[in-house]
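Q: Just passing along the structure, written as structure tokens.
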């Protein structure tokens, strides 16, 4: 458009638009605009680096432990037989120290412990989103009986005490699926797999209602918008209206929710492992290391503090990043 | 409105005057009641909001019917019912001879091509996550009108038709102004080559200079493509400029329907007269004497519990006992021309209410 100066320009802008102008450019979608705003957010970028660091630790755990030259064997020679503690906090062989009594290396457990945190966080929140968004879409768009039933399930699940249920479900699941022998012993690898799966299931089960409720509300307002009416008046099949018209407009709340859920789940995983209902050896996790190290917080602080700081830093970075994402997707905030 | 009354369209269709009229859309006794629960007393009682309560009209091919009335009188609901976006409680809608009033969505699909909507709010009616190409291309795709490789050309053609730059196909709605967005909405409606367009206050969300542009565009398209319109509006000037026939609605019912000249030059229903006298007159600015203004007292009564008999009686200065007892029928009264129907017990022609067009153009 070649606009002259003055008010006349705006008066004739419409006619001018047909005049040959510069080469046509691609438009910017709301998502692209949000990502552009995110790129300018310094806090978000810093958080991305922190998150990236932990992701790399998790992915490269085997490489890292071989560089550090540590393994998962017992090192009874490293601990004082009287006190059970190592005589050092950190040295070249064991940068994060060793466990009391057994002398297992803590760097090894820290590097591998990053994996369940991230896997649980990402897998559980992805599953939560899938279930929550599907149910929310169904309830919001179909309405009627479906809406009533879904809302009832949502209210029911939200009324259950999460911690109590989580603590209760793990032993039940172990009994049910663990094939314990007569003395109640369950094979170690099997137990840790069951615990892993149950942990994810518990997290998903008690969180999807929140997501479903949010998406339902969003869909209720979207489906009355005129562009959905326009799609219907074109004779568009319902499935297509949902997939093409509604779903793309939910990306904002979905991404924001995802970035909030991941840190919440990581923290919850650490908390549950600390309480003894989360993960267990041979799956290492930070929560479990914290719960073991907390007894020695005074005499051997490095044991507890390294995983504590790691988990706090990761959760903080993810949460701040989530804030930045939700700001970027919200057209009302201009910073 | 200055933009509207400056000129009047040349090709006024007066199908009523000859007998060969074959309606494209025929609506008979259309009713839409919304149930509402009220929680007073011990048990909730279900009441009915009578949004549209027995509306009948027809539209011939190429004809334009204006639906006017104040807010909440059921204009928009009628428009949505006609396009079957909402299901009517009862009544018949015939499109092209086929009954669609109670048809299922699947049966409606082929009809959807012939009937399109233009919406009031251009900021709501376009999906913010789709490019113009997708928005206008979707109807082509859904109805399989244009082969895939020619779709973009057709979209650009449509953009040109509504006066937008065809190079803007890859832009998103947030990059356009309100008027431009409304043009995109019009292009989308035109993509399926409809025969009838229900325009739901298409210009009331736009500012006045843009209103004129969009109205002129609709006028041009209507002539070029021989479109029939159901034009929902509350701006009497715009309706006078655009419509062949005008139906005045009050509280879910049509109180007066007739050709444009009947309604504007010889209105008989007191409500029509009140509406016309409330429209601002530019000639007053130029020094003409201010016309008598009819002021209506009070609010529109609740559509949950409308007044007995004539619904307008609570605000009418002519109301007598018969108005509360007997509901006036919509029929041709003495002094009215053919096709001019009034629902009133005491109709009376008042011919000095609307701005005379000669004065305006002078």
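Protein chains in written order, with the UniProt record's numbering: chain A, 1 to 335; chain B, 1 to 362. The C-beta atom is built at its ideal place from N, Cα and C for all residues, glycine as well.
Going by DSSP, name the residue or residues bridged to residue 229/B.
A: Start at 1 with the first residue of the second chain, and residue 229/B comes out as number 229. The partner list for residue 229/B (beta bridge, DSSP) reads 64/B and 197/B.
Q: Just to confirm the assignment, what range does the alpha helix (DSSP H) spanning residue 241/B have?
A: Residue mapping note: residue 241/B aligns to position 241 of the second chain, counting from 1. 236-242 is the extent of the alpha helix (DSSP H) around residue 241/B.
Q: Going by DSSP in three states, residue 93/A sits in which element: helix, strand or coil?
A: Mapped onto the first chain, residue 93/A falls at position 93. In the structure shown, residue 93/A sits in coil (DSSP, three-state: anything other than H, G, I, E or B).
Q: So, for residue 58/A: in the same chain, excluding its five sequence neighbours on each side, which residues have a beta-carbon less than 7 Å away from its beta-carbon?
A: Here the question's residue 58/A lines up with position 58 in the first chain. Closer than 7 Å at the Cβ level, and outside the excluded window around residue 58/A, lie 114, 115 and 118.
Q: Using C-beta distances below 6 Å, list every residue in its chain close to residue 201/B, excluding the 5 sequence neighbours before and after it, in chain order.
A: What you label residue 201/B is simply residue 201 of the second chain in a count that begins at 1. Around residue 201/B: 120, 232 and 233.
Q: Would you tell me roughly how many angstroms separate the C-alpha atoms of residue 252/A and residue 342/B, rounded to the nearest one?
A: In the first chain, the residue the question calls residue 252/A occupies position 252. In the second chain, the residue the question calls residue 342/B occupies position 342. Roughly 53 Å separates the two Cα atoms.
Q: How should residue 226/A be labelled, buried or exposed, when 16 other C-beta atoms within 10 angstroms of its C-beta is the threshold for buried?
A: Stepping through the first chain from its first residue, residue 226/A is reached at position 226. The residue in question, residue 226/A, is buried, as its Cβ has 16 or more Cβ neighbours within 10 Å.
Q: Once the 5 residues before and after residue 260/A are set aside, which same chain residues still bring their CB inside 7 Å of it?
A: In the first chain, the residue the question calls residue 260/A occupies position 260. The answer, listed in chain order, is 322.
Q: To the nearest angstrom, how far is it from the Cα of residue 95/A to the Cα of residue 142/A?
A: By one-based count along the first chain, residue 95/A stands at place 95. By one-based count along the first chain, residue 142/A stands at place 142. The alpha-carbon atoms of residue 95/A and residue 142/A are separated by roughly 58 Å.
Q: Assess contact between the region 263-279 of chain A and the region 41-56 of chain A, defined as three or more Cβ pairs (one per stretch) separated by less than 8 Å. Is contact present?
A: Not touching, per the Cβ criterion.
Q: Assuming residue 254/B is part of the beta strand (DSSP E), what are its boundary residues?
A: Stepping through the second chain from its first residue, residue 254/B is reached at position 254. Taken as a continuous stretch (DSSP letters only), the beta strand (DSSP E) holding residue 254/B covers 253-259.
Q: Return the CA-CA distance between residue 354/A and residue 70/B, expressed in angstroms with no decimal places.
A: Chain A is shown from 1 up to 335; residue 354/A falls before or after that span and cannot be answered.
Q: Quick check: the region 249-257 of chain B against the region 49-65 of chain B, are at least 3 beta-carbon pairs closer than 8 Å?
A: Yes, they touch.
Q: Helix, strand or coil for residue 239/A per DSSP?
A: Walking along the first chain from the start, residue 239/A turns up at place 239. In this structure, residue 239/A counts as helix in the three-state DSSP scheme.
Q: Got a sec, what are the start and stop residues for the alpha helix (DSSP H) residue 229/A sits in?
A: For this step, residue 229/A is matched to residue 229 along the first chain. Start and end: 226-233.
Q: Do the region 123-140 of chain B and the region 216-233 of chain A make contact, defined as three or more Cβ pairs closer than 8 Å?
A: Yes, the region 123-140 of chain B touches the region 216-233 of chain A.
Q: Measuring CB to CB, does residue 242/B end up less than 8 Å from residue 219/B?
A: The sequence position of residue 242/B within the second chain is 242, counting from 1. The sequence position of residue 219/B within the second chain is 219, counting from 1. Yes, they are a contact pair.
Q: Tell me whether residue 149/B sits in a helix, a strand or coil according to DSSP, three-state version.
A: Counting from 1 along the second chain, the entry for residue 149/B is found at position 149. Helix at residue 149/B.
Q: Starting from residue 119/B, find everything on chain A with Cβ-Cβ shorter than 9 Å and list it in chain order.
A: Walking along the second chain from the start, residue 119/B turns up at place 119. Under the 9 Å cutoff, chain A gives 226, 227, 229 and 230.
Q: With a threshold of 8 Å between beta carbons, is residue 34/B in contact with chain A?
A: Here residue 34/B refers to the residue found at position 34 when the second chain is read from its first residue. No, residue 34/B lies away from the interface with chain A (no Cβ there is under 8 Å from its Cβ).
Q: Can you tell me where the beta strand (DSSP E) with residue 35/B in it begins and where it stops?
A: Counted from its first residue, the second chain places residue 35/B at position 35. Counting along the chain, the beta strand (DSSP E) containing residue 35/B begins and ends at 25-38.
Q: Interface residues of chain A around residue 85/B at Cβ under 7 Å?
A: Counting from 1 along the second chain, the entry for residue 85/B is found at position 85. Neighbours of residue 85/B on chain A, chain order: 229, 232 and 233.
Q: Does any residue of chain B bring its CB to less than 8 Å from the CB of residue 104/A?
A: As a position in the first chain, residue 104/A is number 104, starting the count at 1. No, no contact with chain B.
Q: Taking the C-alpha atoms as reference points, what is the distance between residue 77/A and residue 312/A?
A: Translated into the one-based positions of the first chain, residue 77/A becomes position 77. Translated into the one-based positions of the first chain, residue 312/A becomes position 312. Straight-line Cα distance between these residues: approximately 32 Å.
Q: May I have a chain-ordered list of the beta strand (DSSP E) segments no shorter than 3 residues that lie completely inside the region 303-347 of chain B?
A: You should have found no qualifying run.
Q: Cutting at 8 Å between CB atoms, please list the residues of its own chain near residue 242/A, excluding the five before and the five after it.
A: Here residue 242/A corresponds to residue number 242 of the first chain, with the count starting at 1. Result list for residue 242/A: 137 and 141, in chain order.
Q: Any beta carbon from chain B within less than 8 Å of residue 245/A's own beta carbon?
A: Along the first chain, read from residue 1 onward, the residue named residue 245/A stands at position 245. Taking Cβ atoms only, chain B reaches closer than 8 Å to residue 245/A, which makes this a yes.
Q: Interface residues of chain B around residue 28/A at Cβ under 9 Å?
A: Walking along the first chain from the start, residue 28/A turns up at place 28. By Cβ distance, chain B contributes 171, 172, 174 and 175.
Q: By Cβ distance, which residues of its chain are closer than 7 Å to residue 169/A, with the 5 residues on each side in sequence left out?
A: The count along the first chain starts at 1 and reaches residue 169/A at position 169. Correct list, in chain order: 198 and 202.
Q: Mind pulling the chain B residues with CB within less than 8 Å of residue 254/A?
A: Stepping through the first chain from its first residue, residue 254/A is reached at position 254. Here the premise fails: no neighbours, minimum Cβ distance about 13 Å.
Q: Distance cutoff 8 Å, beta carbons only. Does residue 192/B sit that close to anything in chain A?
A: Against the second chain, residue 192/B aligns to sequence position 192. It does: the Cβ of residue 192/B has a partner Cβ on chain A nearer than 8 Å.
Q: Can you find a C-beta in chain A that's less than 8 Å from the C-beta of residue 3/B?
A: By one-based count along the second chain, residue 3/B stands at place 3. Note that residue 3/B scores 40 on pLDDT, short of 50, meaning its location in the model is unreliable; the coordinates nonetheless yield the value given after this. Judged by the 8 Å Cβ criterion, residue 3/B is not in contact with chain A.
Q: In or out: residue 218/A buried (at least 16 other Cβ within 10 Å) or exposed?
A: Reading the first chain from its first residue, position 218 is the one you call residue 218/A. Buried.
Q: Determine whether the beta carbon atoms of residue 333/B and residue 268/B lie at a separation below 8 Å.
A: Residue mapping note: residue 333/B aligns to position 333 of the second chain, counting from 1. Residue mapping note: residue 268/B aligns to position 268 of the second chain, counting from 1. Yes.
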